[in-house]
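Enquirer: Dropping a structure here in structure tokens format, bear with me for questions.
Protein chains: 4
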Amino acid sequence: MKVGILGATGAVGQKFIRLLQGHPWFEITALGASERSAGKKYKDAANWIEDVNLPDYVGEMTVLECVPESFKGVDFVFSGLDSSVATEVEGSLAKAGIPVISNAKNYRQHPNVPLLVPEVNPDHIELINTQTFTEDGSGWIVTNPNCVAVPLSLALKPIYDAFGIEALQVTTMQAISGAGYPGVASLDILGNVVPFIGGEEPKIAPETQKLLGSYSDGVITEPKYPVDATCTRVPTLNGHMAAVNVKLAKKPTSIDEVREAILNFKNPIADLGLPSAPKQVIKLHERINYPQPRLHADQEGGMQLHMGRLRAAEIFDISFVCMAHNTIRGAAGGAILNAELLFKKGFLKSS
Amino acid sequence: MKVGILGATGAVGQKFIRLLQGHPWFEITALGASERSAGKKYKDAANWIEDVNLPDYVGEMTVLECVPESFKGVDFVFSGLDSSVATEVEGSLAKAGIPVISNAKNYRQHPNVPLLVPEVNPDHIELINTQTFTEDGSGWIVTNPNCVAVPLSLALKPIYDAFGIEALQVTTMQAISGAGYPGVASLDILGNVVPFIGGEEPKIAPETQKLLGSYSDGVITEPKYPVDATCTRVPTLNGHMAAVNVKLAKKPTSIDEVREAILNFKNPIADLGLPSAPKQVIKLHERINYPQPRLHADQEGGMQLHMGRLRAAEIFDISFVCMAHNTIRGAAGGAILNAELLFKKGFLKSS
Amino acid sequence: MKVGILGATGAVGQKFIRLLQGHPWFEITALGASERSAGKKYKDAANWIEDVNLPDYVGEMTVLECVPESFKGVDFVFSGLDSSVATEVEGSLAKAGIPVISNAKNYRQHPNVPLLVPEVNPDHIELINTQTFTEDGSGWIVTNPNCVAVPLSLALKPIYDAFGIEALQVTTMQAISGAGYPGVASLDILGNVVPFIGGEEPKIAPETQKLLGSYSDGVITEPKYPVDATCTRVPTLNGHMAAVNVKLAKKPTSIDEVREAILNFKNPIADLGLPSAPKQVIKLHERINYPQPRLHADQEGGMQLHMGRLRAAEIFDISFVCMAHNTIRGAAGGAILNAELLFKKGFLKSS
Amino acid sequence: MKVGILGATGAVGQKFIRLLQGHPWFEITALGASERSAGKKYKDAANWIEDVNLPDYVGEMTVLECVPESFKGVDFVFSGLDSSVATEVEGSLAKAGIPVISNAKNYRQHPNVPLLVPEVNPDHIELINTQTFTEDGSGWIVTNPNCVAVPLSLALKPIYDAFGIEALQVTTMQAISGAGYPGVASLDILGNVVPFIGGEEPKIAPETQKLLGSYSDGVITEPKYPVDATCTRVPTLNGHMAAVNVKLAKKPTSIDEVREAILNFKNPIADLGLPSAPKQVIKLHERINYPQPRLHADQEGGMQLHMGRLRAAEIFDISFVCMAHNTIRGAAGGAILNAELLFKKGFLKSS
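Chains as they are written, first to last, in our numbering: chain A, 5 to 355; chain B, 5 to 355; chain C, 5 to 355; chain D, 5 to 355.
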């Protein structure tokens, strides 16, 4: 399939380009970015920051404006757009009949737009059928969650299914790559912790609740639980760590019952053969000082969710830590997996 | 007063030496360390890691064995001993009539030993009178808390006094200096988070509860509240950060009432003129991304407690972050402040 | 004396403000910055990044435009201006009769402007008398060198005086604070080395040669020697390290003769009582893995030059490393020391 | 072929295990370590620090003592032994008829032992025929160079061949992984530079000269040139960076002539199909701030040599920087490539 990328010069856009190299189903044929970049060769417009070489053929592509005309020839687009422009640009492409698989936050809470993590809520893709961007349904939007909501929803899914959630407390230690490029100034974070990240904490409740919600007849019914969250930045490169406490609706008889629920999680996309899907989506570590961002964020292509330190709690019922690669599983890689699911399910069609 | 230091070659011992340079009341006259070091000049026995020069006269001192005979001539000792030997060594010195002001954990939960933070529970020093190391009361032990319990108790004190505590949740991001030297291997922590620190989490409940307890007639009555804690190591140098959630016994009408309680905290040692006491013991930051270890840990000589992000919570009543220098306020500096209080209150006497 | 600061909101400007707190001779009375900041309170215009609190009275000062009228009431100004505007602004103030003590590079190579490190070339201040900004000589400019040329010139001065220099090879490992704020993106430098810093390498030859030059009758005669330099950025906070190799004109009989020349360096300003002068300007470390930025950059108020690893070389005659605090000794602190010398020598007069 | 690993629990040993997973020719069948580990399961004896999972079958293997009897069944061994024991252990295995491909320094300067980098001096393997560990020649030793000499020799080879080397100056910025595990204490290196690494500087001259030497009739004739080197440790994870200056015997007409010599380097093993060989062994970067350890050390499986900043010098003829992964190209990966060459050339035979 022919694929376009919106916001191709940014950090998320670069990650899309990197991850799509050698992809068996998707081929990049159009790159869109801001007016400032449009018309330039990609290699001149982008400050390439990935630790693999910029593919030559991508470097030679001419950057296009982010308007529907630029993407006539593609089958769908990935969007790594900044939220300041995503509402308009993504909407205009959808109206022009181009499916948009977006990492931006703008449409995540739209009632007709799936907020999708394939292993968590694959059935939510049916929401696409309720979208009205085009009369024939050819243009639509699917989003992936915030880079913290992704690992949380993956970790919480088997727990929620088995026990329900009554209250959720989260403290995150987030990597610098989460702020894009140039992002966090080195003077602010080298040997430091910054105990606030703008916009992160308020996303945790609505995004995890929409993800854990049940779909029926075009409507998602969400669980509601209180959330207390503190999001901090630490000097790690990739991998958002979260220390999590959960109060459960149904009390487990022991922590082992919770462990079993996690270990027995039945991955709903396990048999679909999606190229970017991790073989084991949840890795529950038993070594007491695991997981660690530097050791585990890149495992299974950066698509695995790592849990550890699962234990009984006092105020809450259970405590654990979880971690996933924030720009792969939590952004571009997650969006690509969404596209793979949508392709497999017939929502994406080659023109 | 003549002062000895137990464990003088270790990281805490070095901090004692550094902080006591130019002290108006205390002079180092004896340095004790392990058998391996005893008999050597201090400069040859210690691998000096402080970022000020080792004072020449200290470098030339001969390291002594940690036995009572070595410390006959001192008025009291500071102990930076490892917990593997502190029970015996500190006990033997106390029995020999030498007051021990210790940073080790061994006697912290002993019912007759004050666990002391001068701004939190200065009246607990009366417990000394219940100790029986010597018949004449000349030998005794006072301890300071774990480097996480120190900032927590300082932050919680005004909140506890005004509202009581029903439940406490803490996630820490602790600096590498907390593990001593050589401590944490750089391969383990550079660009990483380690989500476990041995022995830290279980200390939070008993130490903060003893610190907040009320003293009467030789007995401390402690509040009891459940604690859920996750302690992590991050690549910062100094300053343990904690993200804290508290459920209060008496509900405040608004977060401002909590803010007022903190701002109006009446420091019980404010008028004592203790040389190491910070002018303002609790600094409540209003800038949303403050406090930060690198910016604030060294303020007021590393003896200040920094709070920030005070806000209303959902599951809990309030959330905030707090941070203090772990090897100064949380270790050697705290012990020195304890000694200053004990001197001012007449417990330490020059021979 | 009343002092103004040009470029007061930038990283160097902030360092000026910090270092001038409590200064016995100089008082900040005017703060200038870009048009964008002018008219605002300083606390609103500046993103304060120092690890001490912004002094309240400074925070309340109104930021002025960087034009002569703004600085009528001051006795002189410090300039932390960006080089893009320093030529015009500094020149206009000098022409208006206001002495400018600048950290900017613009006038460093001007034949009538002293490039000054007080311990290296204090007699160069006589060049001021050759300046023609004003008829009465009331307005003039003095500069301090680049943050690499400062430690190099201090380390080379005793060596140059004793042996002469035939060739100089330098590889630097420079701290992130040298790039200002926001400066280096954390994604570029965390756990990384960047082997290039724009504009640094070409300054080493002309600045060290001008500093080591001899002054006579209004003219500086400079030594000429070839320089090969590689300047790199490393993830340190403060303190530029340089690995240096020198070919000497006169061959020493042994490395000890070089060591003696350094140890016996006669500091020409030792007896002037300048408040910011380090007691010992050159510290030659004997411990083989010293100096280190994190341990030594802040010693003696960040004004000391640290040398170490002095040894005989093969291609060159001697090798050593040197290090100094780049934003104190190498920038704002150096400029303040310049002002102190100029005040002591009668060039700065209170109005 | 059946492969044993000496020093299997150490950092280099773990890297051997990691890199040999899925190797088309070599299979690990024996793991040797110190007496302390011998008899335990590998997973219990080793503190696994790699960022991929320990393979299950390796974890279950029983660690053996490093004596010849333990390795009867293998075709050859890789050695990641500490230099304190390598002389004896490696010698004893060679005498027992077991080929040893070693990363240890002990035999590197032995006149009959090849110090081998396949792209630099593949013909040196003929030296094996001069070894006398066994009468039938079945036991022998081949070594790979120090982790700094590897990138230097790769970068210097095309330059040496085209122009000869008269003098070499090197300043390194070395990664923490070079010191093994636990290796460098985080308190020593976080936000710091340590300007000395024990034993590194003296290896540069003899190892690069042996590598660049010409083999004939069982003898290597080495070029001799003076070397001035300073080796420093910086807070990077992997990838030793070196800033290099070279005086050439034959003067190039321009820097482009040097560039051409590098770009036209004819890799002598290019056509051998060795599984671990990089496709492009020398990557000469043109982007001025490249190469960087974090971006490039892992490229081509960590086996590529990265050069950059090639330019004319003043004292020397040329300056450049070079960088390679120190524990892959500079240690375990280099040794595996040596084994692959030796297998291809018929020196290693399956039993």
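For each residue, glycine too, the CB sits at the ideal point set by N, CA and C.
(1) Beta-carbon of aspartate 55(A) versus every beta-carbon of chain D: anything under 7 angstroms?
(2) Is proline 199(D) near leucine 216(D), with beta carbons less than 7 angstroms apart?
(3) Got a sec, what are the start and stop residues for the alpha helix (DSSP H) lysine 251(B) sits in?
(4) What number of angstroms, rounded off, separates the C-alpha of histidine 114(C) from the C-alpha of serine 96(C)?
(5) Report the three-state DSSP secondary structure of aspartate 232(D) (helix, strand or coil).
(6) Take every Cβ of the stretch 97-111 of chain D, pair it with every Cβ of the stretch 69-82 of chain D, and state whether three or more of those distances are shorter than 8 angstroms.
(7) Is there a Cβ from chain C that is less than 7 angstroms from the Cβ of proline 186(A)?
(8) Measure how close the beta-carbons of alanine 209(C) and valine 325(C) come, nearest whole angstrom, since I'm counting them as under 8 angstroms.
(9) Just confirm the distance between the C-beta atoms of lysine 366(C) and threonine 66(C), as a whole number of angstroms; I'd bet it's less than 8 angstroms.
(10) Quick test of your reading: isoleucine 224(B) and histidine 128(B), contact by CB under 8 angstroms. State the CB separation rounded to the nearest angstrom.
(11) So glutamate 318(D) and valine 231(C) are supposed to be a Cβ contact under 8 angstroms. How far apart are they, rounded?
(12) If you compare alpha carbons, which of Ser355(D), Ala153(D), Ser87(D) is closest to histidine 244(D)?
(13) So asparagine 271(D) and valine 285(D) are in contact, right, with Cβ under 8 angstroms, and what is the actual spacing, rounded?
(14) Pull up the distance between the alpha-carbon of histidine 300(D) and that of valine 56(A), whole angstroms please.
(15) For the stretch 287-307 of chain D and the stretch 182-198 of chain C, state whether three or more C-beta atom pairs, one from each stretch, are separated by less than 8 angstroms.
(16) With 8 angstroms as the C-beta to C-beta threshold (strictly closer), list the residues of the stretch 294-307 of chain C near chain B in chain order.
(17) Could you check whether asparagine 116(B) and threonine 138(B) sit closer than 7 angstroms to each other, using their CB atoms as the reference points?
(18) So within the stretch 85-109 of chain A, which uninterrupted beta strand (DSSP E) runs reach at least 3 residues, ignoring any that extend past its ends?
(19) Going by DSSP, what residue range makes up the alpha helix (DSSP H) through histidine 300(D)?
(20) Does DSSP classify serine 83(C) as helix, strand or coil?
(21) For the beta strand (DSSP E) containing threonine 33(B), list its first residue and its last residue.
(22) Against chain F, which members of the stretch 93-115 of chain D pass a CB distance test of less than 7 angstroms?
(23) Can you give the Cα-Cα distance for isoleucine 332(C) and leucine 24(C), rounded to whole angstroms?
(24) Going by DSSP, name the residue or residues bridged to lysine 45(B).
(25) In the structure shown, what three-state DSSP assignment does isoleucine 292(B) receive?
(26) Compare the Cα-Cα distances from alanine 34(D) to each of Ala12(D), Gly168(D), Gly143(D), Ile266(D) and report the closest residue.
(27) Whose Cβ in chain D lies nearer than 8 angstroms to the Cβ of leucine 194(A)?
(28) Helix, strand or coil for alanine 179(C)? Go by DSSP, reduced to three states.
(29) Taking only beta-carbon atoms, is isoleucine 332(A) less than 7 angstroms away from chain C?
(30) Distance cutoff 7 angstroms, beta carbons only. Does leucine 49(C) sit that close to anything in chain A?
(31) Note down, in chain order, each residue of its chain lying with its Cβ closer than 6 angstroms to the Cβ of isoleucine 53(C), except the 5 sequence neighbours on either side.
(32) Give a yes or no on whether the C-beta atoms belonging to asparagine 342(D) and leucine 120(D) are separated by under 7 angstroms.
(33) In chain order, what are the residue ranges of uninterrupted beta strand (DSSP E) at least 3 long that sit wholly in the stretch 175-229 of chain D?
(34) Here's the rule: buried if 16 or more other CB atoms are within 10 angstroms of the residue's CB, otherwise exposed. What is aspartate 321(B)?
(35) Could you check where the beta strand (DSSP E) with leucine 10(A) kicks off and where it finishes?
(36) Residue range of the alpha helix (DSSP H) that leucine 58(D) falls in?
Expert: From the atom records:
(1) yes
(2) no
(3) That residue, lysine 251(B), is in no alpha helix (DSSP H); its beta strand (DSSP E) goes 244-252.
(4) 16 angstroms
(5) strand
(6) yes
(7) yes
(8) Alanine 209(C) to valine 325(C), Cβ: 20 angstroms. No contact.
(9) What the structure shows of chain C is the stretch from 5 to 355, and residue 366(C) is not part of that stretch, so it cannot be assessed.
(10) 7 angstroms
(11) 6 angstroms
(12) Ala153(D)
(13) 5 angstroms
(14) 7 angstroms
(15) yes
(16) Arg298, Leu299, His300, Asp302, Gln303
(17) no
(18) 104-106
(19) 297-300
(20) strand
(21) 31-37
(22) Structure shown: chain F not included; protein chains present are A, B, C and D.
(23) 12 angstroms
(24) Thr66(B)
(25) coil
(26) Ala12(D)
(27) Gly195
(28) coil
(29) no
(30) The residue you asked about is not leucine; residue 49(C) is alanine in the sequence shown. No, no contact with chain A.
(31) Tyr185
(32) yes
(33) 218-220, 223-225
(34) buried
(35) 6-10
(36) Careful: leucine 58(D) lies outside any alpha helix (DSSP H) and carries neither H nor E.
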